[in-house]
Structures are given as C-alpha cells and as structure tokens.
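Trainee:
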Amino acid sequence: MSASAVLPVALPAVLTQAQAQSVSDALVKTLLANLAQGGQAVVDASALTQFDSSALAVVLACRRAVLAQGGQLQVQGLPERAQALARVYGVTDLLN
75 MSASAVLPVA LPAVLTQAQA QSVSDALVKT LLANLAQGGQ AVVDASALTQ FDSSALAVVL
135 ACRRAVLAQG GQLQVQGLPE RAQALARVYG VTDLLN
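The numbering of the sequence shown is this note's numbering, which starts it at 75 and goes up by one.
(1) Apart from the five residues on each side of it in sequence, which residues of its chain come closer than 6 Å, Cβ to Cβ, to residue 158?
(2) Let me confirm a value: residue 76 is counted as buried when at least 16 other C-beta atoms fall within 10 Å, else exposed. Which label applies?
(3) Since I believe residue 91 is in contact with residue 120 (beta carbons under 8 Å), could you give me their beta-carbon distance rounded to a whole number of angstroms?
(4) Within the continuous beta strand (DSSP E) that includes residue 126, where are the two ends?
(5) Smallest Cα separation from residue 100: which of 117, 112, 111?
(6) Starting from residue 114 and walking both ways along the beta strand (DSSP E), at which residues does that stretch end?
(7) Using the Cα positions of residue 125 and residue 151, report the straight-line distance between them to the nearest angstrom.
(8) For a quick check, are the C-beta atoms of residue 143 and residue 169 less than 8 Å apart?
(9) Is residue 169 helix, strand or coil when you go by DSSP?
(10) Determine the contact status of residue 156 and residue 123, defining contact as a CB-CB distance below 8 Å.
Take a look at the structure:
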C-alpha cells in the first residue's frame, strides 16, 4: 500500500452504547493496520443514522489510538446531529 492510500473505515448505521466497545475494537484494529501498511487513518461516518454520544466516544478512541502510533485521524461524513453533539461536548476540534 502506498503512503497516499486511503481506505476509509465505515462506521455502522447504528452505533449506541450497546455496540460501542465491539465497534471501537474493530475500528482501531483496522485503522492501525492501515497505518502499519503505509495508509491513512480515515473514518467514514456517513452511514450513521441511529447513534448516541457513544459514537463520538468511539471516534475519539480511534483518534487516540492513531495518534499514539504517530498518525492522524481524518473523519469524513459526520452527520449534522453528530456534529451538534460534538459541539455540546466541546470536542469539535478533535474531530477535524
């Protein structure tokens, strides 16, 4: 994989507290594998339709894991409602 390879990792349509841990574990594993192969860490959130603040926690966990490996996380397609939640929690800058 080239250094410019972008393989977005998609969030599921439903991401609430019930799914958060398993989704987080899977996303982190995939994102770190992408980085290890010279790719970029990109999360595609456009599929999110049913979610709570756990979705933000999952994305932030991914960000922490990627940063710890010297990478940067890019978040694409975050729905407006999730962006509003991020503003309420004061984490908007961490998702850009």
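Ideal Cβ placement from N, Cα and C applies to all residues, glycine included.
Mentor: The relevant details are as follows:
(1) none
(2) The predicted model places residue 76 with a pLDDT of 49, which falls under 50 and marks its position as unreliable; any figure quoted below should be read in that light. By the 10 Å Cβ count, residue 76 comes out exposed.
(3) The pair is not a contact, with the Cβ atoms about 21 Å apart (cut-off 8 Å).
(4) Counting along the chain, residue 126 falls outside any beta strand (DSSP E), and DSSP gives it neither H nor E.
(5) 117
(6) Residue 114 -> no beta strand (DSSP E), and no H or E assigned at all.
(7) 14 Å
(8) no
(9) helix
(10) no
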